Each structure stands twice: as structure tokens, then as C-alpha cells.
Amino acid sequence: MTDKINPALGTEWFPSRWGANDERGAGNLLGPHKVLQARDLIRTGETVSLGFPYRVGMPLSPGRTFGLKMPGGPTGGPEGAVSRTIWNDDFICTEIGQIGTHMDALGHLGHQVTYPCGHCDTLVYNGNKLSEIWSPYGLKKLGIEKAPIFFTRAVLLDVQGLFGRPLENGFVITPDHLRQCLVRQGMNPDDWLSQGDVVLIRTGHGSRFFSEAETWYDGEPGLGLEAAEYLSALQPVIVGADNFAIDVVPPVDPDIVLPCHQHLIMRHGIYLHEGMNLDPIAETGRYEFVYGFAPLAIEGATGSPGTPFAIL
Numbered sequence: 001m002t003d004k005i006n007p008a009l010g011t012e013w014f015p016s017r018w019g020a021n022d023e024r025g026a027g028n029l030l031g032p033h034k035v036l037q038a039r040d041l042i043r044t045g046e047t048v049s050l051g052f053p054y055r056v057g058m059p060l061s062p063g064r065t066f067g068l069k070m071p072g073g074p075t076g077g078p079e080g081a082v083s084r085t086i087w088n089d090d091f092i093c094t095e096i097g098q099i100g101t102h103m104d105a106l107g108h109l110g111h112q113v114t115y116p117c118g119h120c121d122t123l124v125y126n127g128n129k130l131s132e133i134w135s136p137y138g139l140k141k142l143g144i145e146k147a148p149i150f151f152t153r154a155v156l157l158d159v160q161g162l163f164g165r166p167l168e169n170g171f172v173i174t175p176d177h178l179r180q181c182l183v184r185q186g187m188n189p190d191d192w193l194s195q196g197d198v199v200l201i202r203t204g205h206g207s208r209f210f211s212e213a214e215t216w217y218d219g220e221p222g223l224g225l226e227a228a229e230y231l232s233a234l235q236p237v238i239v240g241a242d243n244f245a246i247d248v249v250p251p252v253d254p255d256i257v258l259p260c261h262q263h264l265i266m267r268h269g270i271y272l273h274e275g276m277n278l279d280p281i282a283e284t285g286r287y288e289f290v291y292g293f294a295p296l297a298i299e300g301a302t303g304s305p306g307t308p309f310a311i312l
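Heads up: the sequence shown at position 218 corresponds to 218 in my numbering, and the numbers run straight through without jumps.
This is the structure in C-alpha cells:
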């Protein structure tokens with residue numbers, strides 16, 4: 001290949017540690033043992049939403065759409081001479097896996113390589129060629145239906161709380177910032193995460209979700225590559241944040257776009273949960289809790305909407 005070494009991927013980033021045919025990634029770290037470990041964190045049984053509602057007027061990445069229409073009023077009925085039953089349906093038109101609060105599938109993001117002959121390939125997780133798994137009707141491999149149901153321990157790293165304000169666009173979160181959050185939160189920086197746990201990063205960008213919807217995608221505070229490398233070494237199953245791409249935007253180096261995406265998804269099979277609403281959980285003062293999420297099993301989809309939640 002003629003490309004320079006991609007710092008987000010390095011060399012020999014595939015096959016996956018779980019084998020050349022793996023489509024589950026870090027989801028392989030989950031199992032009944034993680035559910036039972038998480039159960040022990042439940043104190044009050046209170047649930048807290050970690051997602052935003054989907055509605056017209058929410059932030060949309062350029063080119064993406066969201067529309068909800070209700071056919072008829074009501075859609076059907078009345079049926080039954082006595083009950084006179086009616087019903088309402090709705091029609092939603094949207095990039096369902098890539099708007100609002102959503103989880104990225106392992107087939108969402110790739111990397112283009114150029115060979116000495118001039119031929120190009122686009123590779124995704126586990127070295128799969130996009131040309132072999134792409135179809136106009138969804139991905140043939142690595143769709144969101146291959147993701148597991150998530151019920152595991154989560155840790156909130158409140159970087160907004162560390163600085164006492166929402167971070168500005170372009171602010172690069174470093175490993176030192178994450179360790180400072182742990183100290184501030186009374187957690188041991190040397191022993192705070194187990195493999196298969198979830199890491200959630202509060203940057204403050206979520207506080208602008210509706211109030212600055214038109215400019216929300218113009219930039220964001222987020223992780224630098226060193227922070228992503230620090231987290232991946234701890235083997236989480238998910239890294240989530242209250243921004244739209246986990247990565248800092250604009251990038252530190254304009255020639256290296258979304259390196260945390262590449263490093264976490266492609267190299268390590270770690271799922272990303274984007275556009276999260278982390279203010280309510282921060283207000284509880286709890287920094288470790290149960291995280292639950294069941295992606296919509298839409299075969300071939302590049303991601304899933306839905307409401308992740310915490311159990312306290």
C-alpha cells in the first residue's frame with residue numbers, strides 16, 4: 001500500500017482478536033457475568049434516560065432529514081358497532097441509524113487504502129472490504145443487528161463538571177483530563193474500569209442540543225486520539241458522549257479526520273453511542289451505574305436510534 005501509516009489504526013489492525021469472521025467486536029466481552037456484576041450496582045431502582053427525544057427541530061447533520069407524518073385523523077376506524085374503535089399510525093422518514101441519540105454499528109465507518117498499482121479499497125472493521133459487504137439495501141455484514149443487548153456497568157466521566165462549564169468547540173480532551181475527572185469523582189485512576197464496561201463522556205455539548213440546533217454540527221469538544229487510545233486499552237464495550245462524533249471537531253490535524261472513530265470502531269470493535277443526554281445523570285451525582293440499551297435489530301443498518309438508560 002502507498003498510504004502512510006494511519007495513526008488511528010497502526011499496522012496489523014485486522015484480523016480481530018476474536019477471529020477473522022467476527023462481526024460482534026467488543027460485544028464479545030459481554031455475557032451473563034456482566035449482567036450480574038451490574039445488578040450489584042442497583043441501589044434505588046430509579047431509571048434515568050440518557051437520550052434525547054426525536055422531533056422536528058432537533059440537530060441534523062447536513063444532508064440528513066427527519067420527518068414524522070400521521071396519515072389520516074384518525075388513521076383507521078371506527079370499527080365495531082359498539083366499541084367504535086379507532087387507531088393512529090405514523091410515517092417516519094429519516095436516516096434512522098444516524099440521527100439524534102444513536103449507536104454506530106461496526107460497519108458504519110471505514111478507511112480507504114491505495115495499493116501500489118493504484119487500486120483503492122475501503123476497509124471496515126476486521127478488514128472487511130466495503131465493496132464486498134455494501135448493498136443498496138443495507139450492509140451484508142457488520143450491520144447493527146450483530147450488536148448485542150447491552151446491560152452492564154457504566155462510568156460517567158464528567159469533563160464539563162471538571163471545568164465548571166460546557167467545553168467550547170475544538171476543545172481536545174486528553175487522558176490527563178479523564179484521570180482528573182476520576183480523582184474529582186473519588187475514583188481510583190489506576191483501577192476504575194473493567195473490560196466490557198461502558199464509558200460515557202460529558203463535554204457539555206449536549207446542553208446545546210436544542211438551544212443551538214442549527215449550529216450543533218458545526219463543531220464540538222471531544223476526545224483526542226490519545227484519549228481514545230487510553231480508553232481502548234481498558235477494553236470498554238462502548239464509548240459514549242453528549243456530542244455528535246465522540247472525536248473533537250474540527251480535528252487536531254485536518255489530514256486525520258475522525259481518528260477516534262477509526263481507532264475505537266475499526267481497530268478495537270468498540271461501539272460508539274453519540275448524541276447522548278448526560279445532564280440528568282450528572283445531576284444525580286452518581287458516576288457509576290447500570291447502562292442498558294437494546295439496539296433496533298434492523299438488518300444491514302449502520303446504526304440504531306433508541307433510548308439508552310441508567311439504573312441507579
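Cβ atoms here follow ideal geometry from the backbone N, Cα and C, with glycine treated the same way. This structure is a prediction, so every number in the text was calculated from the model and none was measured.
For residue i, the nearest candidate out of the options (CA to CA)
| i | options | result |
| --- | --- | --- |
| residue 188 | 195, 179, 196 | 179 |
| residue 208 | 144, 243, 47, 16 | 243 |
| residue 96 | 144, 219, 78, 113 | 144 |
| residue 123 | 14, 247, 239, 297 | 14 |
| residue 246 | 103, 281, 307 | 103 |
| residue 184 | 169, 161, 206 | 161 |
| residue 204 | 229, 190, 191, 164 | 164 |
| residue 254 | 60, 116, 170 | 170 |
| residue 61 | 276, 217, 111 | 217 |
| residue 19 | 267, 118, 192 | 267 |
| residue 284 | 44, 193, 31 | 44 |
| residue 191 | 219, 231, 215 | 231 |
| residue 68 | 74, 80, 55 | 55 |
Spatial neighbours of residue i in its chain, beta-carbon cut-off 7 angstroms, leaving aside the 5 residues before and after
| i | result |
| --- | --- |
| residue 138 | 299, 300, 301 |
| residue 84 | 78 |
Supposed contact pair residue j and residue i - C-beta distance, whole angstroms, cut 8 angstroms
| i | j | result |
| --- | --- | --- |
| residue 76 | residue 92 | 18 angstroms between Cβ atoms; not a contact. |
| residue 109 | residue 128 | Their Cβ separation, rounded to whole angstroms, is 12 angstroms, which puts residue 109 and residue 128 out of contact at 8 angstroms. |
| residue 296 | residue 305 | 7 angstroms |
| residue 262 | residue 111 | 6 angstroms |
Cβ-based burial, residue i [other Cβ within 10 Å; buried from 16]
| i | result |
| --- | --- |
| residue 271 | buried |
| residue 125 | buried |
| residue 278 | buried |
| residue 212 | exposed |
| residue 237 | buried |
| residue 23 | buried |
| residue 4 | exposed |
| residue 81 | exposed |
Distance CB(residue i)-CB(residue j) smaller than 7 angstroms
| i | j | result |
| --- | --- | --- |
| residue 177 | residue 159 | yes |
| residue 166 | residue 227 | no |
| residue 201 | residue 294 | no |
| residue 29 | residue 195 | yes |
| residue 101 | residue 52 | yes |
| residue 64 | residue 42 | no |
| residue 289 | residue 312 | yes |
| residue 120 | residue 157 | no |
| residue 224 | residue 172 | yes |
| residue 310 | residue 50 | yes |
| residue 248 | residue 222 | yes |
| residue 90 | residue 58 | no |
| residue 303 | residue 25 | no |
| residue 256 | residue 48 | no |
| residue 34 | residue 152 | yes |
Residue i beta carbon near the ligand FAD (any heavy atom closer than 6 angstroms)
| i | result |
| --- | --- |
| residue 222 | The model on display carries no ligand, and the ligand FAD is accordingly not part of it. |
Residues near residue i in its chain [Cβ-Cβ closer than 8 angstroms; skip 5 each side]
| i | result |
| --- | --- |
| residue 274 | 101, 102, 103, 104, 240, 241, 243, 244, 245, 246 |
| residue 251 | 257, 258, 259 |
| residue 16 | 22, 25, 125, 126, 269 |
| residue 286 | 156, 310, 312 |
| residue 219 | 169, 170, 249, 250 |
6 angstroms CB neighbourhood of residue i in its chain, flanking five on each side removed
| i | result |
| --- | --- |
| residue 46 | 312 |
| residue 6 | none |
| residue 1 | Its pLDDT being 42, under 50, residue 1 is placed unreliably by the model, and the measurement read from it follows with that caveat. 113, 115, listed in sequence order. |
| residue 11 | none |
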